[in-house]
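Here the structure comes first, spelled out in structure tokens, and everything after it is commentary.
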Amino acid sequence: MKLTFALTALACAAASVHASVAGTNAERLARGLPPAPPVKRYNPTRVDTAKRTNPSNANSCTLSTNGHAGELKCCVSHANVGQGDNVLNQILGLLGLHNLANNLEIGLTCSSLTQTGLAAGSCHKEPLCCEDNDYSPLISIGCAPA
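What the sequence shown shows, in mature numbering (1 follows the signal peptide of the UniProt record, and there is no 0), is residues -19 to -1, 1 to 127, in sequence order.
Structural data, given as structure tokens:
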């Protein structure tokens, strides 16, 4: 019984392998058969599922004070240097930033923000356009309202 089953399985496997050999389209046409349909040999990535990155200027802005390019930031608050805020002046002194111009805007506790995030209202604090002068996430120097 086992031998009969094994021989039957072997004969079926040989017949299916022989039947799957289709040959070239020239051989098919010579036998009077239509050509085989094209075979898709790869599966291209769909455009909407392709990995996308942020555009290079996704979080850039222009400072209204000097026209320089800056970075959009979402800050908890902002302050002016020289407006009599002793705590701010002490923090700037500890960072070695003694000689800053008066009326210079400083963003406090800032994080990066994109144009789309700004448009979507994801910054619930104060969106600022700051020059690339960061001293940890605590202070960003040279900011203007975005």
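Note that CB positions come from ideal geometry on N, CA and C, so glycine has one too.
| Item | Value |
| --- | --- |
| Should K54 go down as buried or exposed, given a rule of 16 or more other Cβ atoms within 10 Å for buried? | buried |
| Count the other CB atoms, across all protein chains shown, that sit within 10 Å of the CB of C110; report buried if there are 16 or more and exposed otherwise. | buried |
| When we look at the beta-carbon of C91 and count the other beta-carbons within 10 Å, is it buried (16 or more) or exposed? | buried |
| Figure out for me which residue from C42, N24, R9 has the closest Cα to the Cα of residue 149. | Residue 149 is absent from the model: the chain starts at -19 and stops at 127. |
| Can you name the residues that DSSP bridges to I122? | I87 |
| Inspect the beta-carbon positions of L89 and V62 and report whether they are closer than 8 Å. | no |
| Quick one: give me the first and last residue of the beta strand (DSSP E) that G51 is part of. | 50 to 61 |
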